[in-house]
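Novice: I have a structure here, written as structure tokens, and I will follow up with some questions on it.
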Amino acid sequence: MSDIQVHRTDHGIGVVTPVGRLTMVAAKPLTEAVVALVDQGTSKVVVDLGETTFIDSSGLGALIAGLKRCRQAGGDLRIARPTEQVTTVLRLTNLDKVLTPRATVDEAF
Amino acid sequence: MSDIQVHRTDHGIGVVTPVGRLTMVAAKPLTEAVVALVDQGTSKVVVDLGETTFIDSSGLGALIAGLKRCRQAGGDLRIARPTEQVTTVLRLTNLDKVLTPRATVDEAF
Amino acid sequence: MATAHEAVLVARPEDIEVLQDMVAALWDAEPGVGGTDRTRFEMALVEIFANVVEHSERAHGGPPVRRVAVTLTVDEEQVQAVLVDDGRPAAVDLSAVTMPDEDATSGRGLALAVAAVDDVDYQRDGDINRWTVTCRRTA
Amino acid sequence: MATAHEAVLVARPEDIEVLQDMVAALWDAEPGVGGTDRTRFEMALVEIFANVVEHSERAHGGPPVRRVAVTLTVDEEQVQAVLVDDGRPAAVDLSAVTMPDEDATSGRGLALAVAAVDDVDYQRDGDINRWTVTCRRTA
Ligand SMILES: Nc1ncnc2c1ncn2[C@@H]1O[C@H](COP(=O)(O)OP(=O)(O)O)[C@@H](O)[C@H]1O
Ligand SMILES: Nc1ncnc2c1ncn2[C@@H]1O[C@H](COP(=O)(O)OP(=O)(O)O)[C@@H](O)[C@H]1O
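Chains as they are written, first to last, in this note's numbering: chain A, 2 to 110; chain B, 2 to 110; chain C, 1472 to 1610; chain D, 1472 to 1610.
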């Protein structure tokens, strides 16, 4: 099960860090965390996947839902520090164009 | 499209009357109307289908969702005055046991 | 003598209304179709159209721009609807569809369509989906 | 030499964790399975289990009491999972499953499973559903 950590950088970027496995169990909390950030005025969000040991299609769906919410508010959602498993899943689902991984959180925006 | 009318009888029974077609378009408002009644303390609800010209599987799903909500609160949901189309749908979906039609709204409770 | 009514609808919930109005117009043009046949045909057709709508929403997520070409025909033998859309293939096996339990709040759509009429068929044909609902006319 | 691990899980989201712990234990017992094979096997297995969970929730609506018997086997050729449950038939045609658009928030599960491993099979066998996930071992 994944634990979702949230903070804001000095530059007003939201950073969401799912720790552990990001499956059906944690997908909804992830979307909710992104929506909460946007509702509070932070529409540029980085999801730091460096601590995410595993992601499934529900986790991807949550990322896309978050991405849509950010873009609606004029911002964007980007992902950073993907593990090999995340990179593989993005490729297999053709999401590597819309969710291009960044090497670090700081580089994302 | 269905218009959902709601009132309460002198005996504290909620009466919900969907007027017109009860499909995907009106299914959610129907469930919401039942949930609102239960939240306000009225957990015995009759859905008067006398003005419902057509029901589909979404409409049935909304009735079942409403039924569950009422029973959770110690009440029940019953249906009254089904047209022939409603009776046919209930039979084809094996729902005529759990949603047994009553001839009039007054007889339902 | 056969009547055919055609329309291009949008794969969105509101267009179920348009479809049902189209069915009503068909009965006006063909008053000889019996009440039971009307009911079961309309039930199956609405479920199949709703499935296309719901499935295209689930699959695409974006605004519902997908079109559905609907053709309704009546002849002496049968009433038939053909729905054609250009969305992703529907990975559903109609021969295996079953009715869910009493307490389910969804999942009855395809099972109801199959139960209501004589035949529901789905074909992937190149880039298009073709759903056919066939109701043989009873006395 | 073949290893087999078995467990009976409940068809509910929390048991995805149990399943993944079971997979981790399998790799401990079979350290020779390569990293790529581990990843693609686990991905497909999690998707198929999640589909059983989600589908049984959608179809039944009641509390998730349905059990899923899971058997994981490793031999020199392949890693395989067999999932057996006694729910309604899954009316899905795996050969027709495709990946949805970029903007879809759901509908990728089965397509991802099919893309990840060499074979995903579904059989209705009397009263039971049997899902088989097969991953041939690569060097
Ligand atoms: N991911 C899936 N895995 C297995 N079966 C599925 C899946 N998705 C749908 N089905 C099958 O498709 C049918 C659901 O279709 P439908 O009646 O349209 O339900 P709903 O009204 O909930 O969309 C069911 O018979 C179910 O067995
Ligand atoms: N009612 C339906 N009509 C047509 N196809 C369906 C239906 N339900 C499911 N499918 C098919 O089943 C697949 C969805 O399965 P899945 O990947 O498990 O999606 P989800 O994650 O949304 O449950 C899709 O390929 C879709 O084509």
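C-beta: ideal position from N, C-alpha, C; glycine also.
1) Alpha carbons only, please: which of A:K98, A:V16, A:L50, A:V20 is nearest the one belonging to A37 of chain A?
2) What does T1605 of chain C touch in chain D if you count any residue whose Cβ is under 8 Å from its own?
3) Take L1583 of chain D as the anchor and find which of A:I65, A:R79, A:S58, A:L68 has the nearest alpha-carbon.
4) Could you tell me which residues DSSP puts in a beta bridge with I56 of chain B?
5) Closer than 8 Å, CB to CB, is D1574 of chain C near chain B or not?
6) So, with DSSP's three-state summary, where would you put D1572 of chain D?
7) So, at 8 Å on beta carbons, what are the nonlocal neighbours of V1517 of chain D in its own chain, with the 5 sequence-adjacent residues on each side left out?
8) Please work out which residues of its chain come closer than 6 Å, Cβ to Cβ, to A63 of chain B, disregarding the five sequence neighbours upstream and downstream, and give them in chain order.
9) Given a cut-off of 8 Å on the beta-carbon distance, is the pair C1606 of chain D and D1499 of chain D in contact?
10) Report whether the distance from the Cβ of H1526 of chain D to the nearest heavy atom of ligand 1 is below 7 Å.
11) Name the one or two DSSP bridge partners that T1460 of chain D has.
12) Give me the Cβ distance between G21 of chain A and V46 of chain A, rounded to the nearest whole Å; I'm assuming they're in contact under 8 Å.
13) Cβ closer than 7 Å: which chain C residues qualify as neighbours of A1478 of chain D?
14) In whole angstroms, what is the alpha-carbon distance linking D1572 of chain C and E108 of chain A?
15) Considering only residues of the same chain and omitting the five flanking positions on each side of D1556 of chain D, which have a CB-CB separation below 8 Å?
16) Would the C-beta of L1607 of chain C count as close to ligand 1, meaning under 7 Å from any of its heavy atoms?
17) For chain B, is any of its Cβ atoms less than 8 Å away from the one on T1569 of chain C?
18) How many whole angstroms separate the CB atoms of L78 of chain B and C71 of chain B, which I take to be in contact at a CB cut-off of 8 Å?
19) Quick one: list the residues of chain D neighbouring V1563 of chain C, beta-carbon separation under 7 Å, in chain order.
20) Which residues bound the beta strand (DSSP E) around L78 of chain A?
21) Quick check: what's the CA-CA separation for L1480 of chain D versus R1529 of chain C?
22) So, using beta-carbon positions, are D49 of chain A and V7 of chain A closer together than 8 Å?
23) Just to make sure I have the definition right: I need the residues of chain C whose C-beta is within less than 9 Å of the C-beta of R1529 of chain D. Which are they?
24) Name, please, each residue of chain D whose Cβ falls closer than 8 Å to the Cβ of G1597 of chain C.
25) Span of the alpha helix (DSSP H) holding Q1491 of chain D?
26) Who are the Cβ neighbours of E1477 of chain C in its own chain at under 6 Å, not counting the five residues just before and after it?
27) Which class does K29 of chain A belong to by DSSP, given the choice of helix, strand or coil?
28) Quick check: A1496 of chain C and V1588 of chain C, are their CB atoms within less than 8 Å of each other?
29) Looking at the secondary structure, which residues open and close the alpha helix (DSSP H) in which R92 of chain B lies?
30) So, helix, strand or coil for D4 of chain B, using DSSP?
31) According to the Cβ coordinates, are L93 of chain A and I80 of chain A closer than 8 Å?
Specialist: Quick look at the numbers:
1) A:V16
2) Contact note: T1605 of chain C does not reach chain D at a C-beta cutoff of 8 Å; the least C-beta distance is about 19 Å.
3) A:S58
4) B:L23
5) yes
6) coil
7) Once the five neighbours on either side are set aside, the close Cβ partners of V1517 of chain D are I1487, L1490, Q1491.
8) A28, L31, T32
9) The criterion of a C-beta distance shorter than 8 Å is not satisfied by C1606 of chain D and D1499 of chain D.
10) yes
11) Because residue 1460 of chain D is not part of the residues shown, which for chain D are 1472 to 1610, the question remains open.
12) Incorrect: roughly 19 Å between the Cβ atoms, too far for contact.
13) Simply none; closest approach about 26 Å.
14) 51 Å
15) A1482, V1523, S1527, R1537, R1538, V1539, A1540, I1599, N1600
16) Residue identity check: residue 1607 of chain C is Arg in the sequence provided, not Leu. No, the beta carbon of R1607 of chain C sits no closer than 7 Å to any heavy atom of ligand 1.
17) no
18) 4 Å
19) A1562, V1563, D1564
20) 77-81
21) Their Cα atoms are separated by approximately 28 Å.
22) no
23) P1571, A1575, T1576, S1577, G1578
24) Per Cβ cutoff of 8 Å: no residues; G1597 of chain C is ~14 Å from chain D at best.
25) 1486-1500
26) T1542
27) helix
28) no
29) Counting along the chain, the alpha helix (DSSP H) containing R92 of chain B begins and ends at 85-93.
30) strand
31) no
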